[in-house]
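Residue numbers (our numbering): 5 to 294. By construction, the Cβ of each residue, glycine as well, lies at the ideal position given by its N, Cα and C atoms. Given the structure is predicted, the values throughout are model-derived calculations rather than measurements. Have a look at the structure below before the remarks.
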């Protein structure tokens, strides 16, 4: 019961990241926003770990594993995703790319971690991806008509970002199966900061207007996303198969579309509604108890 509740809360919190990104885009450069977010998240987790008396990594190897996982899960993934979207990668195409992650995670988990996926789980992964295809089909059809001229490189960066979070999920399961997640997160966000800050300094003007919407978006990014959603993701990875945890990513594009409709008044298409139902069925099959 606790795992199911954690999964539901994770899906909701993680989905708000796209909403925050849209709000933040009007007030800050994306990589600059992420660099500040990573720095604040590392500081916040350090305070929590100290206040709770959490055990800290004891060896250089443990610190290195936390640092590398942070680079993969947060640094390269979020930087690549936000930058690609900022360069014009359509939401529909980005949704298709995101939908590849659970499929690749399931495949890599089988090859690298020797996880055994049942037939129903494999069917669930395929059904979930089909639901994503249906949900974003209108945007993808527009892309097919207009072509990908001028965004080939951003699309490649988007793909690299997806591969990064896939490998980061597997790395988290393989090398960080023990230890206190609160203290580990400090070094993970320092790893993310180590790659995001130089990119922001090189590619952007480092704009952050510090208005109330910008501060509110930053506060939710740190507390709701970096601490809440990511903490739950770590918990789910540690408690079960990485393929099951990754399958929850299928829920993001449909849920983001619903939230965008409620908050920004964006239209909710029939394919999105139908695709959402199919995605829910696929995620259920992947995560149901045998």
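Reduced DSSP secondary structure (H/G/I, E/B, other) of residue i
{"i": "residue 32", "result": "strand"}
{"i": "residue 273", "result": "coil"}
{"i": "residue 18", "result": "helix"}
{"i": "residue 117", "result": "coil"}
{"i": "residue 61", "result": "coil"}
{"i": "residue 263", "result": "helix"}
{"i": "residue 292", "result": "coil"}
{"i": "residue 321", "result": "Here the chain covers residues 5 to 294 and nothing more, so residue 321 does not appear."}
{"i": "residue 182", "result": "coil"}
Among the options, nearest to residue i - alpha-carbon criterion
{"i": "residue 243", "options": "228, 185, 231, 217", "result": "185"}
{"i": "residue 46", "options": "280, 261, 235", "result": "235"}
{"i": "residue 68", "options": "13, 109, 195", "result": "195"}
{"i": "residue 224", "options": "64, 20, 255, 109", "result": "20"}
{"i": "residue 198", "options": "76, 268, 116", "result": "76"}
{"i": "residue 34", "options": "15, 24, 59, 87", "result": "87"}
{"i": "residue 207", "options": "253, 173, 12, 39", "result": "39"}
{"i": "residue 37", "options": "51, 16, 285, 204", "result": "204"}
{"i": "residue 157", "options": "85, 228, 173", "result": "85"}
{"i": "residue 172", "options": "292, 116, 263", "result": "116"}
{"i": "residue 287", "options": "142, 263, 132", "result": "132"}
{"i": "residue 228", "options": "15, 136, 9", "result": "15"}
{"i": "residue 273", "options": "210, 142, 62, 25", "result": "142"}
Delimiting residues of the alpha helix (DSSP H) encompassing residue i
{"i": "residue 177", "result": "156 to 179"}
{"i": "residue 186", "result": "185 to 207"}
{"i": "residue 241", "result": "234 to 243"}
{"i": "residue 230", "result": "Segment: none, residue 230 is in no alpha helix (DSSP H) and carries neither H nor E."}
{"i": "residue 128", "result": "123 to 139"}
Per DSSP, the bridge partner or partners of residue i
{"i": "residue 212", "result": "32"}
CB-CB length for residue i against residue j, believed under 8 Å
{"i": "residue 188", "j": "residue 279", "result": "Not confirmed; about 36 Å, so no contact."}
{"i": "residue 121", "j": "residue 107", "result": "With a Cβ gap of about 11 Å, residue 121 and residue 107 do not count as contacting."}
{"i": "residue 53", "j": "residue 190", "result": "6 Å"}
{"i": "residue 343", "j": "residue 282", "result": "Given a span of 5 to 294 for the chain in the structure shown, any question on residue 343 remains unanswerable."}
{"i": "residue 105", "j": "residue 169", "result": "6 Å"}
{"i": "residue 93", "j": "residue 221", "result": "21 Å between Cβ atoms; not a contact."}
{"i": "residue 291", "j": "residue 230", "result": "With 8 Å as the limit, residue 291 and residue 230 do not qualify as a contact, their Cβ atoms being about 24 Å apart."}
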